Amino acid sequence: MSETSVNAEATAASLSIRAEVLDAEDALGKLRERFTLPDGLVYLDGNSLGALPAGVPGRVADVVSREWGELLIRSWDESGWWTAPERIGDRIAPLVGAAPGQIVVGDSTSVNVFKALVGAARLVEASAGAGRDELVVDATTFPTDGYIAASAARMTGLKVVAVEPGEVPSVLGPRTAAVLLNHADYLSGRLHDLPGLTAAVHAAGALAVWDLCHTAGALPVELDANGVDLAVGCTYKYLNGGPGSPAYLYVARRHQEAFDSPLPGWTSHAEPFAMTPDYVPAQGAVRGRVGTPDILSMLALEASLEVWEGVSIEAVRAKSLALTDFFLECVEAYVPAGRVECVTPRAHAERGSQIALRGGNAAGVMRELVARGVVGDFRHPDVLRFGFTPLYVGFADAERAARTLGHIYG
Ligand SMILES: *Cc1c(COP(=O)(O)O)cnc(C)c1O
291 MSETSVNAEA TAASLSIRAE VLDAEDALGK LRERFTLPDG LVYLDGNSLG
341 ALPAGVPGRV ADVVSREWGE LLIRSWDESG WWTAPERIGD RIAPLVGAAP
391 GQIVVGDSTS VNVFKALVGA ARLVEASAGA GRDELVVDAT TFPTDGYIAA
441 SAARMTGLKV VAVEPGEVPS VLGPRTAAVL LNHADYLSGR LHDLPGLTAA
491 VHAAGALAVW DLCHTAGALP VELDANGVDL AVGCTYKYLN GGPGSPAYLY
541 VARRHQEAFD SPLPGWTSHA EPFAMTPDYV PAQGAVRGRV GTPDILSMLA
591 LEASLEVWEG VSIEAVRAKS LALTDFFLEC VEAYVPAGRV ECVTPRAHAE
641 RGSQIALRGG NAAGVMRELV ARGVVGDFRH PDVLRFGFTP LYVGFADAER
691 AARTLGHIYG
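This note's numbering numbers the first residue of the sequence shown as 291 and each following residue consecutively.
This is the structure:
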């Protein structure tokens with residue numbers, strides 16, 4: 291055996307022993323039992339579709355066969371279907387640092403970005419916003435946010451100013467109406483400074499709208515403490531709500547009275563069953579509703595949120611950072627130098643819960659990883675994404691993923 295392969299084996303042995311020790315010491319390790327994951331699979335794609343919480347299939351079966359099949363129309367009242375959007379919003383609230391009554395669940399993130407941006411433009415216009423005609427958006431954003439922002443701007447007479455998030459403070463001024471930012475970038479995994487940027491937006495007299503798709507359920511968000519104005523997020527990534535599970539809209543309590551939804555559907559009416567021709571908006575978070583809620587996926591989401599019972603988001607964050615640190619250490623040890631480049635910041639304060647590596651033949655490499663039981667994903671043109679959901683990913687998973695990547699690039 292050559293000296294290099296002896297060294298490589300020693301490295302692998304020491305990293306896998308370290309992983310074992312870290313897993314044994316991990317207070318969140320047993321939470322994996324709350325999920326149904328195939329044996330032997332390393333699942334690092336929870337930043338795209340979270341794993342299946344074990345309680346969901348039984349709950350969905352009950353909703354379908356009993357609540358729908360037997361109780362039928364009565365379930366809107368008796369099974370709590372009608373109030374599910376605001377009830378589940380309150381269940382998500384503590385995970386994003388929001389007091390009750392400010393979050394409503396429903397529709398997709400795309401639709402909620404639209405409600406939030408047009409709503410923000412109208413709030414600004416209603417509060418002496420003369421001369422504020424710019425909507426600042428993240429130029430590197432997940433495409434849907436940018437597309438919707440462009441349309442919302444056209445409808446409200448605003449001009450889109452697209453800049454890198456780091457440059458936001460330099461474009462803020464008396465013309466800024468609102469700013470749409472991502473808490474963490476979907477591609478690089480970079481975490482943006484929500485407290486600092488929100489304060490800068492407010493100092494300029496504008497409103498801050500945050501997209502939490504890549505942070506809710508992965509790290510503390512603290513919407514209320516930071517005075518965020520409006521926020522949206524999806525529930526099928528780190529919140530494990532299931533494919534296409536409904537998104538949510540946060541409207542800070544101080545804005546609710548004036549919040550003028552661009553989609554004032556009948557379920558956001560103060561008295562929906564009065565069936566009046568005049569629209570009178572409901573008070574509170576309910577004002578963000580639109581039409582009949584999608585009960586099956588909404589109640590699957592509600593059941594999935596039970597995995598958070600007794601779990602602190604601070605502990606989740608601590609484990610996420612330890613996992614991504616350890617994964618990077620393993621990648622450095624296993625992957626030959628120069629084959630991949632980490633595009634996720636090393637600094638904890640700038641890191642979300644994923645690691646993005648740029649590498650040659652990334653699409654083919656990810657296909658090979660998946661074939662070997664390590665699931666991450668590929669993003670055009672050359673990025674390998676590895677999402678770390680601390681509720682069900684362990685240190686041995688991180689070690690095996692990096693070792694497998696090393697074999698493929700070796
Ligand atoms: C995942 C994600 C979305 C998804 O939007 P949908 O309407 O649910 O398809 C939107 N924005 C960001 C930033 C995302 O990460």
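Note that the Cβ used here is the ideal one computed from N, Cα and C, for glycine as well.
Because the structure is a prediction, the values reported are computed rather than measured.
Contacting residues, own chain, Cβ-Cβ under 7 Å from residue i (five flanking each side not counted)
i, result
"Trp372", "Trp366"
"Ala443", "Leu425, Lys449 and Val450"
"Asp397", "Pro536, Ala537 and Val580"
"Asp514", "Gly387, Ala388 and Ala389"
"Ser478", "Val633, Thr634 and Ala646"
"Gly700", "Pro626"
Alpha carbon of residue i to alpha carbon of residue j, nearest angstrom
i, j, result
"Ala653", "His482", "27 Å"
"Gly463", "Pro552", "26 Å"
"Trp598", "Ala416", "39 Å"
"Ala303", "Val491", "50 Å"
"Ala374", "Leu586", "11 Å"
"Ala440", "Gly419", "20 Å"
"Leu529", "Arg669", "21 Å"
"Pro554", "Pro562", "11 Å"
"Asn651", "Gly348", "42 Å"
"Pro567", "Gly370", "26 Å"
"Asp380", "Glu293", "59 Å"
"Asp335", "Gly436", "23 Å"
"Ala605", "Pro671", "34 Å"
"Ile245", "Glu310", "Residue numbering for the chain in the displayed model covers 291 to 700; residue 245 lies beyond these limits and cannot be assessed."
"Ala383", "Glu547", "19 Å"
Burial state of residue i (16 or more Cβ within 10 Å)
i, result
"Ile363", "exposed"
"Tyr569", "exposed"
"Thr525", "buried"
"Val588", "Sequence check: residue 588 is Met here, not Val. Buried, by the Cβ-count rule."
"Lys609", "buried"
"Lys701", "Residue 701 falls outside the range modelled here, since the chain spans only 291 to 700, and no answer is possible."
"Ala560", "exposed"
"Pro583", "buried"
"Ala593", "buried"
"Phe549", "buried"
"Glu357", "buried"
"Gly507", "buried"
"Asn402", "buried"
"Ala351", "exposed"
"Ile307", "exposed"
"Ala300", "exposed"
"Pro626", "exposed"
"Ala639", "exposed"
"Thr399", "buried"
"Val673", "buried"
"Pro455", "buried"
"Gly421", "exposed"
"Ser602", "exposed"
"Val541", "buried"
"Val290", "Only positions 291 to 700 of the chain appear in the structure, and residue 290 is not among them; the question remains open."
"Ala637", "exposed"
Under 7 Å between C-beta atoms of residue i and residue j
i, j, result
"Ala572", "Glu376", "no"
"Leu502", "Gly486", "no"
"Ala406", "Val499", "yes"
"Arg657", "Asp667", "no"
"Leu539", "Val394", "yes"
"Thr466", "Val408", "no"
"Arg480", "Pro680", "no"
"Ala341", "Leu318", "no"
"Asp428", "Leu471", "yes"
"Thr694", "Val664", "yes"
"Tyr682", "Phe404", "no"
"Ala692", "Cys620", "yes"
"Val461", "Val469", "no"
"Gly642", "His504", "yes"
"Val518", "Thr488", "yes"
"Arg629", "Gly649", "yes"
"Ala410", "Leu484", "no"
"Arg543", "Gln392", "yes"
"Gly534", "Tyr624", "no"
Beta-carbon contacts of residue i that lie in its chain and below 6 Å, excluding the five residues immediately before and after
i, result
"Arg690", "Val332"
"Phe616", "Phe685 and Ala688"
"Phe432", "Tyr476"
"Asn337", "Lys527, Gln644 and Gly677"
"Gly531", "Thr525, Leu591 and Ser594"
"Leu509", "Arg607"
"Leu312", "Phe685"
Residues of its chain near residue i, where Cβ-Cβ distance is below 8 Å and the 5 sequence neighbours each way are ignored
i, result
"Pro343", "Arg324, Phe325, Thr326, Asn530, Ala593, Ser594, Glu596 and Val597"
"Ile438", "Ser400, Val403, Phe404 and Leu407"
7 Å Cβ cutoff, residue i in contact with chain C
i, result
"Ala686", "Looking at the structure shown, chain C is missing, and only one protein chain is on hand."
For this session: Kindly provide the chain-ordered list of residues whose Cβ lies closer than 6 Å to any non-hydrogen atom of ligand 1.
Result: Ser398, Thr399, Ser400, Phe432, Thr434, Asp435, Asn472, Tyr476, Asp501, Cys503, His504, Cys524 and Ala537
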